[in-house]
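Engineer: Following this note's numbering, the numbering of the sequence shown begins with 1 at its first residue and continues without gaps.
Even glycine gets a Cβ: it sits at the ideal position worked out from N, Cα and C.
In this text the structure is predicted, and so the values were computed from the model without any measurement.
Below you'll find the structure I mean.
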Amino acid sequence: MDVVARSLKEAECRLKDIDDAISKGDSEIQKFYQDSVIFITGASGFMGKLLVEKLLRACNIKKIYILIRGKKGKTIRERLDDIKRDQVFDHLRETQPNFGHKIEGVEGDVAEIRLGISDHDLKTLKKEVDIIFHLAATTKFNMPLPAATLINIRGTREILHLAKQCSKLRVFVYVSTAYCCATTDKIGVQLEEEFHPCSIPPATLIDIVEKVDTARVEAIVPGLMESWPNTYTFTKAITEQLVRSMADEIPICVIRPPIVIGTYNEPAPGWVDMSCANGPSGIIIGHGLGILRVMYTREDKLLCLVPGDYANNCILAAAWDCVERRKSGDEDVKIFSVSSTKSGVQLRTLTKNLKQNDLKKYSPRQSIWYCQTYITDNKLLYHIFSWFMNYLPAMIVDLIINVFQIPKPKGITSFVTLYKKVDKLALAFRYFTCNGWRFNDKNIVELHQKMSPMDQKIFNVDTSTINWDHMIFIWFLGVKKFILKESKLIDDYAIRKQKVFKVANYAVFFIYLYVFYYIFYSLYSYFK
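Structure representation (structure tokens):
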């Protein structure tokens with residue numbers, strides 16, 4: 001058995017151990033969630049689906065209300081049914097085929113006043129809900145500030161208003177990001193689990209966005225965001241200040257996940273959502289399909305990654321801890337940074353494992369070129385490599401396709417357009433992959449120590465237990481299965497394609513060498 005297959009097998013064994021522990025039903029955190037009525041925003045997203053699934057699989061929940069926004073001509077009922085059919089629930093379906101009866105959709109929009117929820121539904125939530133998880137947010141890095149403010153900041157204000165009116169509320173959990181404080185003036189600095197000052201009060205920014213025209217707001221953006229790389233991290237930092245200022249008597253805790261990737265163990269090893277394709281998993285997709293030929297980053301930089309199930313466990317365990325601390329008189333709003341920087345996960349760990357020969361035989365059937373990615377942190381070299389390895393071949397292929405009327409691969413309008421998207425994604429992540437921070441996770445360590453051995457197994461938050469070499473393989477296979485929809489682990493056709501692509505790749509390389517030699521020799525002869 002090769003190292004890739006062994007990684008997957010070990011993950012499946014760990015999942016069985018977790019399921020065995022869950023079945024006993026006697027852990028402290030399981031008891032905490034017994035018969036709870038929970039309200040979740042962002043439940044249709046990657047982390048939201050994981051949270052719903054784990055609550056239903058590991059705990060005896062009474063009901064889960066999820067905020068759903070109508071879109072694409074679908075009713076709320078249809079969107080809720082789509083969520084229930086998601087692959088994330090496949091494992092749960094085996095033991096609880098009727099799990100969907102405990103999930104109820106609430107029509108609304110986090111960007112609207114009062115979350116766009118009807119009076120009837122608001123009355124129900126205020127009467128029944130005892131735990132709130134607020135995950136909804138726009139994660140688009142460069143969304144215009146007014147839109148990002150209404151969703152991330154004002155939306156949080158509205159759900160906090162609702163939380164204060166819930167008569168049975170026990171705890172409110174806000175999910176932020178570890179990078180909300182990763183500003184340019186803190187590069188290379190350890191970021192503590194504490195609130196950081198911002199350039200503008202939350203209420204002031206909301207007021208400006210609501211009352212001032214968009215053009216004038218955009219004009220003041222550079223001054224407000226001087227130290228932040230994008231509107232996502234900026235608005236998340238402002239939102240943390242809002243949560244702190246509105247906490248009052250509400251039991252609140254803040255979770256700061258870093259870059260969230262596929263799951264390590266549960267509900268299935270490597271599970272990722274289709275929405276992850278535009279995030280870090282896009283790197284795995286690009287490499288696996290032979291699209292990502294060159295990356296602009298630094299291999300020596302520490303990546304703060306966390307598997308989705310570990311971040312999810314932290315959300316669930318922190319809610320329990322918040323209530324337990326309240327019992328002893330501790331009313332501080334505690335921040336939990338889910339960090340992997342202690343274990344030194346460098347980008348070269350990712351690239352080294354993606355280059356392993358063992359992984360080649362698991363290549364996707366849909367690959368369009370040889371799976372090989374070059375790394376550079378030199379901007380000029382990146383653009384040169386990108387031109388010759390991406391755009392020039394893309395233009396040739398597009399020309400051939402158009403001339404001979406060859407069908408295009410599914411989802412691709414043109415290869416030049418595809419590489420423009422790849423460049424856009426690379427530049428968006430450049431700030432995070434070319435710079436480094438360390439995240440103090442003292443509160444997570446203390447949380448893990450408080451948990452019973454049974455809870456440590458069911459709700460593991462200790463990232464030092466992750467074998468990152470194995471995690472990369474599991475992530476790759478998860479992307480192949482859940483995003484590319486290729487359930488067959490080893491595909492002989494895909495293996496043959498890679499062998500052909502490898503020969504073609506080297507042939508193109510030697511053609512380039514010959515062309516360059518011919519050009520330079522001709523120039524040399526001309527000017528001699």
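When the cut-off is 8 Å and only beta carbons count, does Leu-523 lie next to chain C?
Structural biologist: Structure shown: chain C not included; a single protein chain is present.
Engineer: Taking the Cβ atom as the reference point for each residue, do Lys-450 and Asp-321 lie within a distance shorter than 8 Å?
Structural biologist: yes
Engineer: Around the C-beta of Arg-256, are 16 or more other C-beta atoms found within 10 angstroms, so that it is buried, or is it exposed?
Structural biologist: buried
Engineer: Span of the beta strand (DSSP E) holding Tyr-296?
Structural biologist: Residues 294-296.
Engineer: Kindly identify the DSSP beta-bridge partner or partners of Cys-253.
Structural biologist: DSSP, once it has assigned bridges, lists Val-173 and Lys-334 as partnering Cys-253.
Engineer: With DSSP as the reference, label Leu-484 as helix, strand or coil.
Structural biologist: In this structure, DSSP gives Leu-484 a state outside helix and strand, which the three-state scheme calls coil.
Engineer: Run the CB neighbour count on Val-503, radius 10 Å, all protein chains shown included, and call it buried at 16 or more, exposed below.
Structural biologist: exposed
Engineer: Starting from Lys-63 and walking both ways along the beta strand (DSSP E), at which residues does that stretch end?
Structural biologist: 63-68
Engineer: How far does the alpha helix (DSSP H) with Gly-223 in it reach, from first residue to last?
Structural biologist: 214-224
Engineer: For the stretch 368-418, which segments carrying the alpha helix (DSSP H) assignment without a break, of at least 4 residues, lie completely within its bounds, in sequence order?
Structural biologist: 379-386 and 392-404
Engineer: Under a three-way DSSP split, which group does His-287 fall into?
Structural biologist: helix
Engineer: Does the separation of the CB atoms of Leu-56 and Leu-80 fall below 8 Å?
Structural biologist: No, the Cβ-Cβ distance between Leu-56 and Leu-80 is not below 8 Å.
Engineer: By alpha-carbon positions, which one of Ile-335, Pro-267 and Tyr-232 ends up nearest to Val-243?
Structural biologist: Ile-335
Engineer: What are the residues that DSSP puts in a beta bridge with Pro-511?
Structural biologist: Per the sequence shown, the amino acid found at residue 511 is Ile instead of Pro. Partner(s): none; Ile-511 has no beta bridge.
Engineer: How far does the alpha helix (DSSP H) with Phe-99 in it extend, from its first residue to its last?
Structural biologist: Segment: none, Phe-99 is in no alpha helix (DSSP H) and carries neither H nor E.
Engineer: Are the Cβ atoms of Phe-133 and Cys-276 separated by less than 8 Å?
Structural biologist: no
Engineer: Would you kindly report the start and end of the unbroken alpha helix (DSSP H) that includes His-161?
Structural biologist: 155-164
Engineer: Kindly identify the DSSP beta-bridge partner or partners of Gln-190.
Structural biologist: Arg-438
Engineer: Kindly indicate the opening and closing residues of the alpha helix (DSSP H) around Phe-133.
Structural biologist: Segment 131-134 is the beta strand (DSSP E) holding Phe-133; no alpha helix (DSSP H) there.
Engineer: Do you know whose CA, among Ile-83, Lys-63 and Arg-430, lies nearest Arg-69's CA?
Structural biologist: Ranking the options by Cα distance to Arg-69, first place goes to Ile-83.
Engineer: In angstroms with no decimal places, state the Cα-to-Cα distance between Ser-452 and Gln-34.
Structural biologist: 17 Å
Engineer: Identify whether Gly-262 lies in helix, strand or coil by the three-state DSSP scheme.
Structural biologist: It is coil, neither helix nor strand.
Engineer: Could you pull the start and end residues of the beta strand (DSSP E) that Tyr-305 belongs to?
Structural biologist: Note that residue 305 corresponds to Leu in the displayed sequence, not to Tyr. Its beta strand (DSSP E) spans residues 305-307.
Engineer: Per DSSP, Phe-32 is paired with what?
Structural biologist: DSSP lists no partner for Phe-32.
Engineer: Taking 8 Å as the threshold (C-beta atoms), are Ile-261 and Leu-305 in contact?
Structural biologist: yes
Engineer: Output yes or no for whether 8 Å exceeds the beta carbon distance between Gln-456 and Ser-367.
Structural biologist: no
Engineer: If Phe-473 and Leu-359 are in contact, beta carbons under 8 Å, what's the gap, nearest whole angstrom?
Structural biologist: 7 Å
Engineer: Are Pro-202 and Gln-241 touching if we call contact CB-CB under 8 Å?
Structural biologist: Taking a C-beta distance under 8 Å as the contact criterion, Pro-202 and Gln-241 qualify as a contact pair.
Engineer: Quick one: what's Leu-347 bridged to in DSSP?
Structural biologist: Paired residue(s): none; Leu-347 is not in a bridge.
Engineer: Is the beta carbon of Leu-15 closer than 8 Å to that of Pro-269?
Structural biologist: In this structure, Leu-15 lies closer than 8 Å to Pro-269 by Cβ.
Engineer: Who does Phe-459 pair with in a DSSP beta bridge?
Structural biologist: BP columns for Phe-459 are empty, so no partner.
Engineer: Less than 8 Å between the beta carbons of Ile-250 and Leu-135, yes or no?
Structural biologist: no
Engineer: Nearest CA to the CA of Lys-538: which residue from Gly-105, Ser-281, Leu-162 and Arg-85?
Structural biologist: Only positions 1 to 528 of the chain appear in this structure, which leaves residue 538 out of reach.
Engineer: Name the DSSP bridge partner or partners of Val-3?
Structural biologist: Answer is none; Val-3 lacks a bridge partner.
Engineer: Determine the DSSP secondary structure at Ile-466, reduced to helix, strand or coil.
Structural biologist: coil
Engineer: Which stretch, first to last residue, makes up the alpha helix (DSSP H) that contains Thr-235?
Structural biologist: 231-246
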